[in-house]
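Terminal number for the sequence shown in the numbering used here: 601, no gaps in between.
From the three backbone atoms N, C-alpha and C, an ideal C-beta is built for every residue, glycine too.
Scroll down for the structure; my scribbles are underneath it.
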Amino acid sequence: MSKLRTLGEFIVEKQQDFPHASGELSSLLSSISLAAKIVNREINKAGLVDITGATGVDNIQGEEQQKLDAYANEQFKAALEARDQVCGVGSEEEDEAVIFTQQLNQHAKYVVLMDPLDGSSNIDVNVSVGTIFCIYERLSPIGTPPTDADFLQPGHRQVAAGYVVYGSSTILVYTTGNGVNGFTYDPSIGTFCLSHENMTIPKDGKIYSINEGNYIRFPQGVKQYIKYCQESVPAEHRPYTSRYIGSLASDFHRNLIKGGIYLYPSTESHPQGKLRLLYECNPMAFIVEQAGGIATDGNTRILDIVPDELHQRAPLFLGSTNMVNTAHDFLKAHPDK
Ligand code: P6P
């Protein structure tokens, strides 16, 4: 029977890997874990209590905000503010970055970017959803309010990134730049326990994840890559299989374990793709690189993109190295006119 290792123990144990964190990052990560437990509890009740459905409000993305989106946003903001390690949060559910005005928070050295409930349209139909987050050291002086520049850092400056999948079980996966580890929630003891140590993504895979409903609007290279997956020869390359849940955290988690590629390319309606660079693409790109995979916008490494605005979007090609590189070959062979 392997020794039970809780997320809290693991964070503290790995703290020395993080030279300039005297426990602040550990405390920050455990506040995220606390909020995830609370959100998990509500998700598991969805359908029994009036917390599903829409709020009747649209978020800045113009997407109908679900009640659980708003609930999750409030829970993560409250948990982050309470621990005094964070001076501000950028959230998919907030038009502007939220600045924590308490004196202790203004002396905090981290900012967080998050999608508090990713894929929330799945809630009402009992399909898995996720939380995606990442953490940066602020650039502005300690003791002052954070500035836009603190939130608009390129992804390679992340100090930590992670996601939670609220699915058949609830798992939290994160990296601080020293590999990727996964922790499954045990509700009987109310704790995340190490279940996936040192996760690595297979260099190759058979799963491609894309919303083929947008097929006619994809760039020619993407259309040709999809056809390659469907008809690829020689035969030993088959069988590719299409798996798409509509929740990035869930699709990525499966592909991280089994090998695969997730694609959300630019389309006519979304010339910059749909996914948000700061709190969807960047965290997943940090994690996949730490697990041995790659993440690009079809041309540029996601982590090298310098953001201009909080909610900017980017096309995303994410996953197993060989699969993403093959997709790149098709994009190069069919440059869009
Ligand atoms: P579509 C959820 O809204 C999300 O941001 C990702 O989690 C998911 O992969 C994608 O958008 C789904 O978008 O256009 O396929 O419904």
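{"Asked": "Find out if the Cβ-Cβ distance for the pair Ser-384, Ala-343 is shorter than 8 Å.", "Found": "no"}
{"Asked": "Residues in its own chain within less than 8 Å of Gln-488 by CB, not counting five upstream and five downstream?", "Found": "Phe-594, Ala-597 and His-598"}
{"Asked": "Taking only runs that begin and end inside the region 370-413, name each unbroken beta strand (DSSP E) of 3 or more residues, in chain order.", "Found": "374-382 and 393-401"}
{"Asked": "Among residues of its own chain, excluding the 5 on either side of Ile-324, which ones have a beta-carbon nearer than 7 Å to its beta-carbon?", "Found": "Asp-359 and His-575"}
{"Asked": "Which residues in the same chain have their Cβ closer than 7 Å to the Cβ of Lys-601, if we skip the five residues on either side of it in sequence?", "Found": "Low per-residue confidence applies at Lys-601: pLDDT is 48, beneath 50, and the placement is therefore not dependable, though the value from the model is reported in the following sentence. Closer than 7 Å at the Cβ level, and outside the excluded window around Lys-601, lies no residue."}
{"Asked": "Sorted by chain position, which residues of the same chain lie with C-beta nearer than 7 Å to Ala-334's C-beta, five sequence neighbours on each side aside?", "Found": "Thr-319 and Glu-357"}
{"Asked": "Leaving aside the five residues before and after Asp-450 along the sequence, list all residues of the same chain whose C-beta is less than 8 Å from its C-beta, in chain order.", "Found": "Phe-456 and Cys-457"}
{"Asked": "Would you report the Cα separation of Pro-410 and Ser-506, rounded to the nearest angstrom?", "Found": "43 Å"}
{"Asked": "By the 10 Å Cβ neighbour count, where 16 or more other Cβ atoms means buried, how is Thr-395 classified, buried or exposed?", "Found": "buried"}
{"Asked": "Specify the secondary structure class of Thr-448 as computed by DSSP and reduced to three states.", "Found": "strand"}
{"Asked": "Should Ile-399 and Ala-424 be called a contact, given that it needs their Cβ atoms to be closer than 8 Å?", "Found": "yes"}
{"Asked": "Excluding the 5 residues flanking Arg-481 on each side, which residues of the same chain have their C-beta closer than 6 Å to its C-beta?", "Found": "Thr-531 and Glu-532"}
{"Asked": "Is any heavy atom in the ligand P6P found nearer than 7 Å to the beta carbon of Phe-459?", "Found": "Going by the sequence as given, residue 459 is Ser instead of Phe. It does not: the Cβ of Ser-459 is nowhere closer than 7 Å to a heavy atom of the ligand P6P."}
{"Asked": "Are Gly-523 and Pro-579 closer than 8 Å when you measure CB to CB?", "Found": "no"}
{"Asked": "Please state whether DSSP places Phe-594 in a helix, a strand or coil.", "Found": "helix"}
{"Asked": "Helix, strand or coil: which one does DSSP assign to Lys-601?", "Found": "Note that Lys-601 has pLDDT 48, beneath the 50 cutoff, so the model's placement of it is unreliable and the number below is only indicative. In the structure shown, Lys-601 sits in coil (DSSP, three-state: anything other than H, G, I, E or B)."}
{"Asked": "Quick one: is the Cβ of Leu-541 within less than 7 Å of any heavy atom of the ligand P6P?", "Found": "no"}
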